[in-house]
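Just below is one structure, and these are the notes that go with it.
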Amino acid sequence: MWEKFVQLSVQYPLDLLSHVASLLPVFVGVLFLNQLRPAAKLMVLLVGLFFLKDSIALYHSLRSESNLYLFNLQSFVEIGVVGATYAVVSPVSIKKVIISVAITCLLINVIFYSSIELSPGNLTVARLFMLAVVLMYLTRITNQVMVHNIMTHDLFWFSAGLLVYIAGTFFIFLFGRYLFEETTSLDTFNLYWNIQQVVYILFCIISAVGLWMSRFERSRPLQAV
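Letter by letter, the sequence shown follows residues 26 to 250 of this note's numbering.
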């Protein structure tokens, strides 16, 4: 199994790098855990769950087993944790909307779920939900001037990272079934898969910066967001 791990790492270095990249925001988050707001702690939880998913996927790969179902399950995690992250910093009226839409999306995802193949429906629903809550949050804090210094605001960085992640993976996963077909050339698959990995690495870096910068936000009295 070790020999196969080395072989896969050499053959797909970006996969290994993206797997390790998850540890960056987790490390920063754990380092300053007591200084983080509940929303920031949920950010750390999300990336930690991504790392767990990648670890299980790697285990399946080493055993030459399908791991596509994990990407479908990840969509449930994205909806649940991202929804909770923005719900805890929203007023009651908006919080109710986020929770209601999240529950609806989770129910829709149950219909689309597949344990055998990649489900574009699962991944598309999750990305549309995340896009909606991120844009709603950014619009609210900018229109109402709710943050003194946006560069030290944890959810600004997390939102920016999510937008990069959503934009970079939306169409890739929308046509994911085609990419995983046996008729798809290896070069085509590698191109789009590597783009997805690079985008995820950027998301991890941006999230880590946000968690690091949030220490300075905690030292100032901020208006509730």
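Cβ coordinates follow ideal geometry from the N, Cα and C atoms, glycine included.
Keep in mind it's a predicted model, so treat the numbers as computed, not measured.
With 16 other Cβ atoms within 10 Å as the buried cut-off, status of residue i
i, result
"R88", "exposed"
"F154", "buried"
"Q222", "buried"
"H44", "buried"
"P50", "buried"
"T208", "exposed"
"A65", "buried"
"E206", "exposed"
"V117", "exposed"
"H178", "buried"
"T194", "buried"
"L187", "buried"
"Q99", "buried"
"I128", "exposed"
"A192", "exposed"
C-beta atoms of residue i and residue j nearer than 8 Å
i, j, result
"N97", "N147", "yes"
"V159", "S184", "yes"
"V107", "L70", "no"
"A82", "L74", "no"
"G54", "L48", "no"
"E142", "L93", "yes"
"F57", "R240", "yes"
"I226", "L42", "yes"
For residue i, the first and last residue of its enclosing alpha helix (DSSP H)
i, result
"S34", "27-36"
"N97", "93-112"
"L71", "63-87"
"N147", "145-168"
"T194", "179-199"
"S210", "Unbroken run through S210: none, as it is neither H nor E."
Cβ separation of residue i and residue j, assumed to be a contact under 8 Å, to the nearest whole Å
i, j, result
"T149", "F198", "7 Å"
"L131", "I104", "6 Å"
is_contact[residue i, chain B] using C-beta, thresh 8 Å
i, result
"Q222", "In the structure shown, chain B does not exist; there is a single protein chain."
Distance between residue j and residue i (C-alpha atoms, nearest Å)
i, j, result
"L67", "N134", "21 Å"
"P38", "V31", "10 Å"
"F181", "A151", "20 Å"
"F196", "P145", "9 Å"
"T110", "I124", "11 Å"
"L211", "Y162", "39 Å"
"F228", "H85", "25 Å"
"A233", "L156", "20 Å"
"Q169", "M238", "22 Å"
"V250", "I166", "Legend: pLDDT at V250 = 43, less than 50; position of this residue unreliable, no value from coordinates given."
"I220", "K121", "35 Å"
"V189", "Y217", "15 Å"
"V174", "G235", "Looking at the sequence shown, residue 174 is not Val but Asn. Answer to the nearest angstrom: the Cα atoms are 12 Å apart."
"V126", "A112", "11 Å"
"K78", "F214", "21 Å"
"S80", "L33", "14 Å"
"R245", "M176", "Bear in mind that a pLDDT of 43 at R245, under 50, signals an unreliable position, so the number given afterwards is only what the model happens to contain. Each residue's alpha carbon lies about 13 Å from the other."
"Q36", "S91", "18 Å"
"Y138", "V102", "13 Å"
"I119", "Y203", "37 Å"
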